[in-house]
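With full-length UniProt numbering, letter number 91 in the sequence shown gets 91, and the count goes up by one each step, no holes.
Just so you know, even glycine gets a beta-carbon here, dropped at the ideal spot from N, CA and C.
Because the structure is a prediction, the values reported are computed rather than measured.
Okay, so here's the structure we're looking at.
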Amino acid sequence: MTKVELEAKVGALTDEINFLRAIYEETISRDLSVVVSMDNNRHLDMDSIIEEVRRQYEQIAQNSRAEAEAWYQSRYEELQSTAGRHGDSLRNTKIEIQELTRNVQRLRTEIENAKKQVGMCGVCLAISIRACQK
Numbered sequence: 001m002t003k004v005e006l007e008a009k010v011g012a013l014t015d016e017i018n019f020l021r022a023i024y025e026e027t028i029s030r031d032l033s034v035v036v037s038m039d040n041n042r043h044l045d046m047d048s049i050i051e052e053v054r055r056q057y058e059q060i061a062q063n064s065r066a067e068a069e070a071w072y073q074s075r076y077e078e079l080q081s082t083a084g085r086h087g088d089s090l091r092n093t094k095i096e097i098q099e100l101t102r103n104v105q106r107l108r109t110e111i112e113n114a115k116k117q118v119g120m121c122g123v124c125l126a127i128s129i130r131a132c133q134k
């Protein structure tokens, strides 16, 4: 290839590059105008966005309160039930202690009576022994 042919080829390639560059710039320009027009068409209503976020927050807070209240209520009922069982157990234990105390008193009385009888028998035995010795 000669210099003239190469220069012609360089010129053709330069023209093609310039043509493709022009198409690229036009495409970019068109795409940017679409993006800009899309951005401009959207109107952000901050009041409604804030209101929606507030509503969602209140809903979450209400659900959390309800969940906590339900948990505390179930825990309270569980503790009430446990306290009732312990109260019943305590009453039964007190009744049992009272019965045992009465039994102890009865047995002490019986022991005292038996001691008195043994003492009287001892006296009778001593009298009988003296009477026999005379």
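Straight-line Cα distance separating isoleucine 95 from serine 81: On the sequence shown, position 81 is the one that residue 81 refers to. On the sequence shown, position 95 is the one that residue 95 refers to. Spanning the two alpha carbons is a distance of roughly 21 Å.
Look at the alpha carbon of threonine 101 and the alpha carbon of isoleucine 111, and state the distance between them as a whole number of angstroms. Locating residue 101 in the sequence shown gives position 101, where the first residue counts as 1. Locating residue 111 in the sequence shown gives position 111, where the first residue counts as 1. Whole-angstrom Cα-Cα distance: 15 Å.
Taking just the CA atoms, how far does asparagine 103 sit from valine 118? For the purposes of this step, residue 118 is taken as the residue at position 118 of the sequence shown. For the purposes of this step, residue 103 is taken as the residue at position 103 of the sequence shown. C-alpha separation (whole angstroms): 22 Å.
Measure the C-alpha to C-alpha separation of asparagine 63 and asparagine 92 and round it to an integer number of angstroms. Taking the first residue of the sequence shown as position 1, residue 63 is located at position 63. Taking the first residue of the sequence shown as position 1, residue 92 is located at position 92. Roughly 43 Å separates the two Cα atoms.
Could you tell me the distance, in whole angstroms, from the CA atom of arginine 21 to the CA atom of isoleucine 50? Counting from one through the sequence shown, the residue named residue 21 turns up at place 21. Counting from one through the sequence shown, the residue named residue 50 turns up at place 50. The alpha-carbon atoms of arginine 21 and isoleucine 50 are separated by roughly 46 Å.
Proximal residues to lysine 116 (C-beta, below 7 Å), its chain only, five neighbours per side dropped: Walking along the sequence shown from the start, residue 116 turns up at place 116. Excluding sequence neighbours, lysine 116 sits near nothing in its chain.
Hey, how far is the Cα of arginine 108 from the Cα of cysteine 121? Within the sequence shown, residue 108 is the residue found at index 108, counting from 1. Within the sequence shown, residue 121 is the residue found at index 121, counting from 1. Roughly 20 Å separates the two Cα atoms.
Taking just the CA atoms, how far does leucine 44 sit from arginine 65? As a working note, residue 65 is residue 65 in the sequence shown. As a working note, residue 44 is residue 44 in the sequence shown. When rounded, the distance between both Cα atoms is 32 Å.
To the nearest angstrom, how far is the alpha carbon of cysteine 124 from that of glutamine 133? Translated into positions along the sequence shown, residue 124 becomes position 124. Translated into positions along the sequence shown, residue 133 becomes position 133. C-alpha separation (whole angstroms): 14 Å.
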